[in-house]
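Novice: The structure is given below, and queries will be raised subsequently.
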Amino acid sequence: MMKTKQFKSESKKLMDMMINSIYTHKEIFLREIISNSSDAIDKLYFRSLTDSSVGIKADEFKIKIELDKENRTITVSDNGIGMTEEELDKNLGTIAKSGSFDFKEENEKAENVDIIGQFGVGFYSAFMVSDEVTVKTKAFGSDEAFCFNSKGADGYTISSCEKEDVGTTVIMHIKPDTDDEKYSEYLDQYRISALVKKYSDYIRHPIVMNFETKKPVEGKENEYEDVVELRTLNSMIPIWKRSKSELKDEDYNNFYKEKFMDYEDPIKVIHTSTEGTATYSALMFIPKHPPFDYYTKEFEKGLQLYSKGVLIMDKCAELLPDYFSFVKGLVDSEDLSLNISREMLQHDGQLKLIAKTLEKKIKNELEKMLKNEREKYEEFFKSFGIGLKFGCYNDYGMHADTLKDLLIFKSSNEGKYQTLKEYTEGMKEGQDTIYYACGETVERIELLPQCDAVKEKGYGILYLTENVDEFALMMLREYDGKKFMNVCDENLNLDTEDEKKELESENNAAKDMFEEMKKALGDSVNAIRFTNKLKNHPVCLTSEGGISLEMEKTLNSMPGAADNKVKAQLVLEISATHKLAEKLKELYGKDNETLGKYAKLLYGEACLIGGKPIENPAEHSALVCELMTK
0 MMKTKQFKSE SKKLMDMMIN SIYTHKEIFL REIISNSSDA IDKLYFRSLT DSSVGIKADE
60 FKIKIELDKE NRTITVSDNG IGMTEEELDK NLGTIAKSGS FDFKEENEKA ENVDIIGQFG
120 VGFYSAFMVS DEVTVKTKAF GSDEAFCFNS KGADGYTISS CEKEDVGTTV IMHIKPDTDD
180 EKYSEYLDQY RISALVKKYS DYIRHPIVMN FETKKPVEGK ENEYEDVVEL RTLNSMIPIW
240 KRSKSELKDE DYNNFYKEKF MDYEDPIKVI HTSTEGTATY SALMFIPKHP PFDYYTKEFE
300 KGLQLYSKGV LIMDKCAELL PDYFSFVKGL VDSEDLSLNI SREMLQHDGQ LKLIAKTLEK
360 KIKNELEKML KNEREKYEEF FKSFGIGLKF GCYNDYGMHA DTLKDLLIFK SSNEGKYQTL
420 KEYTEGMKEG QDTIYYACGE TVERIELLPQ CDAVKEKGYG ILYLTENVDE FALMMLREYD
480 GKKFMNVCDE NLNLDTEDEK KELESENNAA KDMFEEMKKA LGDSVNAIRF TNKLKNHPVC
540 LTSEGGISLE MEKTLNSMPG AADNKVKAQL VLEISATHKL AEKLKELYGK DNETLGKYAK
600 LLYGEACLIG GKPIENPAEH SALVCELMTK
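In numbering that gives the first Met the number 0, the protein residues as written are 0 to 629.
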């Protein structure tokens, strides 16, 4: 007898809402149907542990997929527990009713229970690609079989039917193609195989399908025959669920290269799992080199997110902070629902808890690499260190304390990399400042005149060669109570008290001369003065205020900076002990015109040394030639 019914909760609007809001991609319908089949098998397997009448061995459970292009159907069958008429009506006739959830509640204290589906909406995802769905099912222990049929929100029918074996068969009639959607792709055996591999590769039971292929005819060259092979589409056992003791480096490396499309082994493997407040398994990898799009807007960070071995999301950005975006891998959690959207994930407290523990784990592993595998860490830092530095700078330095001990910089200590901790531990007695210098390369930095005085005092210098470096240190402000200072900062003063007083007196005496020189330079510099910090060089540029010369170059190179240029407040410093200082004093009051030319020439030389472009190269060249011939 056929019974025609209306859905108990509902209307077309509710079903449309679930199909269009809960799921982002239509292709996940197969994942949902397979997960339901897996649950049905799990229930019968659980029963078989205490009921010898089940009669099915553990290795006999399977899920079968059949494609019929002519009739446009996909059929998914299982030999699980099946449903009675009442269960069929209850589970499929009420939207958002979950038999799996009820089963889990009833057996929550039992072992070997691992049910995937919980919200009871997965079955209805079939209507994203189907215009009619038929379910034939026979419950374990029952002699009767029943058929559920629906063409959508208008309602459904339940009737008796013939079915020989226990289990459930879902027959989906695929919609006709439209201009926007090519539903026929789901009738292609390779497309279905790929979807199983993508979403359901780690379902614990075999997923099988007949594959049509061609094989060479034995004894006949260039002749082939059509054959049908029953293939198992899924690998079933996730590598991250296996014990670390039974896995080799080769296993991890092969999985990484195959899964994440890299031709090189990862530089680091992180395999971890936790139980308790946050229950999950994670397998993460740090690549040797960044992908080609890593430093572009097109790059998408994130780990693959699984729920009990079933893929929920290919790149879950919420699992990684931006400064660890180089990490590839996956997380498998039993605490997350299979039917969860990206919008729901953003507010999921469990996911945030997992992300927090993953962040700590990644940081700890990097610290171990830095301590125990220094060469490997330096190789990693060359590829991804800039992201850690941006992490210190971004969000107003919120993450600076988290990342500061992962930073390394080339230093004046034999050109080796040093951490901030290593620098401070090696500081000279009485030194209370961490000195650094900026430039395009280490070689160019070492030529800066200001470096000589710092080195002469026996102080080390950190070499900052990337645009973000100085910004990161400014966000840190200090390390271990020691403040940072750019060697090109006007406040750099290594003189003794007597030397400071003598220099101050000399600058006061030359005040009017400097004013005359500044007339020639206009607003190119804020001030001119003598200094003792230069040893073998006659002149240099230093900066006043919070913007250094390197910061000026970086900020003005950014998109959109052309209309709002940043200007460092520069000071032209002249060596008080150089012969040129005497020459300038001779010219002042006698030949102020030539004094102005010297000022321009010295400013140009200081720009060249500091890596700042000369505004008028032709004038500078003419001045060199003119003054050389005098």
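For each residue, glycine too, the CB sits at the ideal point set by N, CA and C.
Please read all numbers here as calculations on a predicted model, not as lab measurements.
Could you tell me which residues DSSP pairs with residue 170 in its beta bridges?
Specialist: 74 and 133
Novice: Should residue 24 go down as buried or exposed, given a rule of 16 or more other Cβ atoms within 10 Å for buried?
Specialist: exposed
Novice: Going along the chain, which residues of its own chain have a beta-carbon closer than 8 Å to the beta-carbon of residue 441, five neighbours each way excluded?
Specialist: 409, 414, 462 and 464
Novice: Name the two residues that bound the continuous alpha helix (DSSP H) containing residue 328.
Specialist: Looking at the DSSP string, residue 328 is not in any alpha helix (DSSP H); the run it does join, the beta strand (DSSP E), is 327-332.
Novice: Assuming residue 391 and residue 403 form a contact by the criterion Cβ under 8 Å, report the distance between their Cβ atoms to the nearest whole angstrom.
Specialist: Confirmed, Cβ separation roughly 7 Å.
Novice: Where does residue 223 land, buried or exposed, given buried means 16+ other C-beta within 10 angstroms?
Specialist: exposed
Novice: Assign residue 441 to one of three DSSP states: helix, strand, or coil.
Specialist: helix
Novice: Touch check for the segment 193-206 and the segment 304-311: three-plus C-beta pairs under 8 Å?
Specialist: By the Cβ rule, the segment 193-206 counts as touching the segment 304-311, because three or more pairs are nearer than 8 Å.
Novice: Under a three-way DSSP split, which group does residue 66 fall into?
Specialist: strand
Novice: Taking only the alpha-carbon atoms, compute the straight-line gap between residue 492 and residue 421 and give it to the nearest angstrom.
Specialist: So the alpha carbons of these two residues sit roughly 24 Å apart.
Novice: Taking the straight line between their C-alpha atoms, what separation do you get for residue 26 and residue 347?
Specialist: Using only the alpha carbons, I get a separation of about 24 Å.
Novice: I'd like the list of long-range same chain contacts for residue 295, defined as Cβ closer than 7 Å, with 5 residues on each side in sequence excluded.
Specialist: none
Novice: Hey, would you say residue 416 sits closer than 8 Å to residue 483, going by beta carbons?
Specialist: no
Novice: From the DSSP secondary-structure annotation, give me the bridge partner or partners of residue 55.
Specialist: Answer is none; residue 55 lacks a bridge partner.
Novice: Beta carbon of residue 579, beta carbon of residue 586: below 8 Å?
Specialist: no
Novice: Can you check whether the CB of residue 622 is closer than 8 Å to the CB of residue 584?
Specialist: no
Novice: Quick one: what's residue 485 bridged to in DSSP?
Specialist: 435
Novice: In the DSSP assignment, what are the bridge partners of residue 278?
Specialist: Note: residue 278 sits in no beta bridge, so no partner.
Novice: Which whole-angstrom value describes the C-beta separation of residue 631 and residue 540, a residue pair presumed to lie in contact below a C-beta threshold of 8 Å?
Specialist: Lying outside 0 to 629, the shown extent of the chain, residue 631 is not represented and no answer is given.
Novice: Just checking my contact of residue 227 with residue 75 at CB under 8 Å: how many whole Å lie between their CB atoms?
Specialist: Not confirmed; about 18 Å, so no contact.
Novice: In whole angstroms, give me the CA-to-CA distance for residue 546 and residue 472.
Specialist: 13 Å
Novice: If you run the structure through DSSP and keep just helix, strand and coil, what is residue 303?
Specialist: strand
Novice: Using CA atoms only, rank isn't needed, just tell me which of 266, 330 and 300 is closest to residue 277.
Specialist: Ranking the options by Cα distance to residue 277, first place goes to 330.
Novice: What's the call for residue 448, buried or exposed, on a 16-neighbour Cβ count within 10 Å?
Specialist: buried
Novice: Looking at residue 535: is its Cβ nearer than 8 Å to the Cβ of residue 451?
Specialist: yes
Novice: Any chance the segment 179-194 sits against the segment 63-72, with 3 or more Cβ pairs inside 8 Å?
Specialist: yes
Novice: If you follow the beta strand (DSSP E) that residue 267 is part of, which residue opens it and which one closes it?
Specialist: 267-273
Novice: Closer than 6 Å by C-beta to residue 40: which residues in its own chain qualify, once you throw out the five before and the five after it? Chain order, please.
Specialist: 60, 77, 79 and 204
Novice: What do you reckon, are the CB atoms on residue 269 and residue 351 nearer than 8 Å?
Specialist: no
Novice: Would you mind sorting residue 28 into buried or exposed? The rule is 16 or more other CB atoms within 10 Å of its CB.
Specialist: The C-beta of residue 28 has 16 or more other C-beta atoms within 10 Å across all chains shown, which makes the residue buried.
Novice: From this set, 418, 358 and 400, which residue's C-alpha is nearest residue 369's C-alpha?
Specialist: Nearest C-alpha to residue 369 among 418, 358 and 400: 418.
Novice: Check whether the Cβ atoms of residue 538 and residue 571 lie closer than 8 Å to each other.
Specialist: Yes, they are a contact pair.
Novice: On the DSSP bridge list, what partners appear for residue 2?
Specialist: 157
Novice: Grab the span of the beta strand (DSSP E) containing residue 397 for me, first residue to last.
Specialist: No beta strand (DSSP E) contains residue 397, which DSSP labels as neither H nor E.
Novice: Based on the DSSP secondary-structure assignment, which residues constitute the bridge partners of residue 410?
Specialist: 461
Novice: Would you please state the rounded distance, in angstroms, between the beta carbons of residue 231 and residue 207? I believe it to be under 8 Å.
Specialist: 5 Å
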